[in-house]
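K.L.:
Residue 14 in the working numbering sits at position 5 of the sequence shown, with consecutive numbering throughout.
For glycine and all other residues, C-beta sits at the position ideal for the given N, C-alpha and C.
Note that the coordinates shown come from a computational prediction; the quantities given were computed from them, not determined experimentally.
First the structure, then my questions, so here it is.
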Amino acid sequence: MRIRTSCAVGLILALAGLTISAQPAAQDKAAAALAAAREALGGEKKLSAVKTIVATGRTRQVRGNNLVPIEFEIAMELPDKYVRKDEIPAQESDPSTVGFNGADLIQFPIPTLPTMPARAGGPPPPTAATLEAARVARLNNVRQDFARLALGLFASSFSSYPLTFSYAGVAEAPQGKADVLDVKGAPNFAARLFINAETHLPIMITWTPPAPPQRGQRPGGPGQPPPETRLYFGEYRDANGLQWPFRLRRAVGPDTVEETTFDGFKINSKIDQKKFLVRQ
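Set out below in structure tokens:
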């Protein structure tokens, strides 16, 4: 099942005439593009004054042949606390929560080791080391989700997941032009940020996830790369004096797999610290 959308046409920019450089000028041009974007988003003073954010809304997500509606709340206490709680009204299940508090992963329900012995001939049960590796990978994924959202809201990164920027070139299409920035972060974050050359608002992030290892293949070995993922920012509106996107769309290859609509953003309201509780 595909999500029908009409907002994609003006945002899909053909990559043309890109020049990639690691020279200092590339960083200077990137800094200028980011400064213009921050001004368009509300200005340095207003953006720097944001300390907490609570956002609510709905996500429609494709799962197989089903379109699943999800109600969510995102809470941030910048720079190092972030949590998202998802609830699926159509399912009789508890909400799921994922985020981070500093270097700790916030996750509920908490994965547990199986209590039943492994079946003969079946895969071995996960060990504590396996679960720890999964926890670290999950923490990294959540931080990257936060970093991508922060690019659309702030056109910058935070100390909880610092990023570096360099100017890649200009993308041109009949709908207009976009400044393209290469964005990198540890351990494996690599993306491109597209900023509208006229409005200076972020319009898209693209990246290619690492290919999962095949059976019998070591991580990092050769394999078919996954399709490119794109996150679109749209419907910029006023949010307490800031210009923030109220609609996000995620596509994998040619298919839209997720649409998110924000109801609103509460800025600098007090957040109950229990939301950032790390359960052991």
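#1: So what does DSSP say about E141, is it helix, strand or coil?
#2: Per DSSP, what kind of secondary structure is R288 in: helix, strand or coil?
#3: When we look at the beta-carbon of V192 and count the other beta-carbons within 10 Å, is it buried (16 or more) or exposed?
#4: Residues bridged to K186 by DSSP?
#5: With DSSP collapsed to three states, give me the class of D191.
#6: Contact criterion: CB-CB distance below 8 Å. Does E207 meet it with respect to chain B?
#7: State the DSSP-derived secondary structure class of S105, mapped to helix, strand or coil.
#8: When you compare each of L160, E48 and T61 to Q282 by their alpha carbons, which one comes out closest?
#9: Taking DSSP as the reference, what is the three-state secondary structure of S169?
#10: By DSSP's criteria, A199 is part of a beta bridge. Which residues make up the other side?
#11: In three-state terms, what does DSSP make of E207?
#12: Report the start-end ranges of each alpha helix (DSSP H) in the stretch 47-117 that is 4 residues or longer and not cut off at the edges.
#13: Give the straight-line distance between the Cα atoms of T270 and D37, rounded to the nearest whole angstrom.
#14: Kindly give me the distance between the Cβ atoms of N197 and P219, rounded to whole angstroms, as I take these residues to be in contact under 8 Å.
P.N.:
For this structure:
#1: On the sequence shown, position 132 is the one that residue 141 refers to. It is helical.
#2: As a working note, residue 288 is residue 279 in the sequence shown. Looking at R288 - three-state DSSP - the assignment turns out to be coil, as it is neither helix nor strand.
#3: Taking the first residue of the sequence shown as 1, we reach residue 192 at position 183. The residue in question, V192, is buried, as its Cβ has 16 or more Cβ neighbours within 10 Å.
#4: Numbered from 1 along the sequence shown, position 177 holds the residue referred to as residue 186. Beta-bridge pairing links K186 to E181.
#5: By one-based count along the sequence shown, residue 191 stands at place 182. Here D191 sits in strand by DSSP.
#6: The structure shown contains no chain B; it is built from a single protein chain.
#7: On the sequence shown, residue 105 is found 96 positions in, with the first residue counted as 1. It is a strand residue.
#8: To locate residue 282, count along the sequence shown from 1; it is residue 273. Considering only alpha carbons, the answer is T61.
#9: Here residue 169 is taken as the residue at index 160 of the sequence shown, counted from 1. Three-state result, S169: coil.
#10: Residue mapping note: residue 199 aligns to position 190 of the sequence shown, counting from 1. Its beta-bridge partners are K193.
#11: Residue numbering aside, residue 207 sits at position 198 when the sequence shown is read from its first letter. The answer is coil: DSSP assigns E207 none of H, G, I, E or B.
#12: 53-57
#13: For the purposes of this step, residue 270 is identified with residue 261 of the sequence shown, where counting begins at 1. For the purposes of this step, residue 37 is identified with residue 28 of the sequence shown, where counting begins at 1. For T270 and D37, the distance between alpha carbons rounds to 34 Å.
#14: Mapped onto the sequence shown, residue 197 falls at position 188. Mapped onto the sequence shown, residue 219 falls at position 210. Confirmed, about 6 Å.
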